[in-house]
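If you read the sequence shown in the numbering used here, its first letter stands for residue -5, the second for the next number, and so on.
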Amino acid sequence: MRRAIGVTTAERIATAVVEGDQVIGTLRLYPEEGMAADELMGMPAEHVAHTIREQIEAVLQGTAIDVVGVGIPGIVRNGVIEESPNLQQLKGCRMQELLSSELREAGIEAPIRLYNDADIVAAGLAARRGQLDRRIRVWTLGHGIGFGVYPFADGIWEGGHTVVSLDPGEKYCGCGGVGHLEGIMGHRAMRLRFLDMEPDEVFEGARNGEQRCVDFVKLWHRALAAATASSIHMAGPGKFFLTGNHARHVDLNLLNQHLHDMVKMSPLQGYVFEIVPGDEEIAVVGAAVNAIRTVFPEESQDAQ
Ligand SMILES: [Zn+2]
């Protein structure tokens, strides 16, 4: 069976050796618990690449691997980070080349493939559930809002920036665009909207009946329903996973009610939401699975 290194860099760098759909050994985290959580935010691209190399060397400890898969937030195509609203210093970076030369220096010759960080969550969920033959969509509700699809398909897929409001005052998205889903649901956007409250306190306030929090939580659910309805109207119904730090705030009844109001055509009714714990292990497994399937396509077909 192929062995791979899986890496995700969503809010911190998580790295592990992966075989099949399992992490072998320990999942390594950078920065570690207790260190500054936003360390990655201002780190230059070369430094990010070097840090990923150090993490890979630390988990490898001499193990032979076939391929390395890395997830990065933003528009990632052909090894280049074309845009990354939440790690802006990486925009335009040829990260695959940077990482290749870092790994060569370390004596690691395996090919490297880069993916969007939400796409690898979708791949990890597919692998963990034995559903590598199905189409999966996932919303990752964290610092930003990610939209991941499996199987990997060339394209942009920036579903987190779906326009869900025509109100010109909705301008909190990390990319600067007006009316975006992330501008309502993202952690950063919620902090900008409620300058005096942390996002968790806003959801708490809604449970206690505080009106502006109640109104916002309704908007938050309607925004997710609207973006999902757009995906359904473009690509059809199916399974939508919800994961990430803020998935715990989702009220599925409320979400389904709003979506029911937005999707009326009968062939589009077969949609299902499922909330899944968004641990980094799933993303790391997905990065490895995607890389193996990209580099060794014949073998992955045999495996189905
Ligand atoms: Zn945006």
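Ideal Cβ placement from N, Cα and C applies to all residues, glycine included. No experiment lies behind these values; they were computed from the predicted model shown.
Among the residues of its own chain, which have a CB less than 7 Å from the CB of residue i, if the five just before and after it don't count?
i	result
ALA219	LEU249, HIS252, LEU253, MET256
HIS44	GLU96
Quick one: is the Cβ of residue i within less than 7 Å of any heavy atom of ligand 1?
i	result
HIS137	no
CYS207	no
GLY153	no
HIS227	no
HIS333	Within the shown structure, residues of the chain are numbered from -5 to 298, placing residue 333 beyond reach of any answer.
GLY171	yes
GLU317	Outside the shown range of the chain (-5 to 298) lies residue 317, about which nothing can therefore be said.
CYS87	no
Report, in whole angstroms, the separation of the C-beta atoms of residue i and residue j, which I expect to be a contact under 8 Å.
i	j	result
ILE276	ARG122	6 Å
LEU84	MET35	11 Å between Cβ atoms; not a contact.
THR237	VAL115	6 Å
ALA217	MET179	6 Å
ILE130	TYR144	4 Å
How would you label residue i, buried or exposed, when you count the other beta carbons within 10 angstroms and need 16 or more for buried?
i	result
HIS137	buried
THR134	buried
ASN72	exposed
THR2	buried
VAL266	exposed
GLU5	buried
LEU54	buried
HIS181	buried
ILE150	exposed
ALA100	exposed
SER260	exposed
HIS215	buried
Cutting at 6 Å between CB atoms, please list the residues of its own chain near residue i, excluding the five before and the five after it.
i	result
ILE278	A small correction: the amino acid at residue 278 is Val; Ile does not occupy that position in the sequence shown. Contacts found: GLY0, THR2, ALA8, ALA10.
Original post:
Can you list the beta strand (DSSP E) stretches of 3 or more residues lying completely in the segment 172 to 229, in chain order?
Top reply: none
**OP:** Go through the segment 78 to 142 residue by residue and report every complete run of the alpha helix (DSSP H) that reaches 4 residues or more, in order.
**Re:** 89 to 99, 111 to 122
Subject >> Residue ranges of each alpha helix (DSSP H) within the segment 240 to 274, 4 or longer >> reply: 246 to 256
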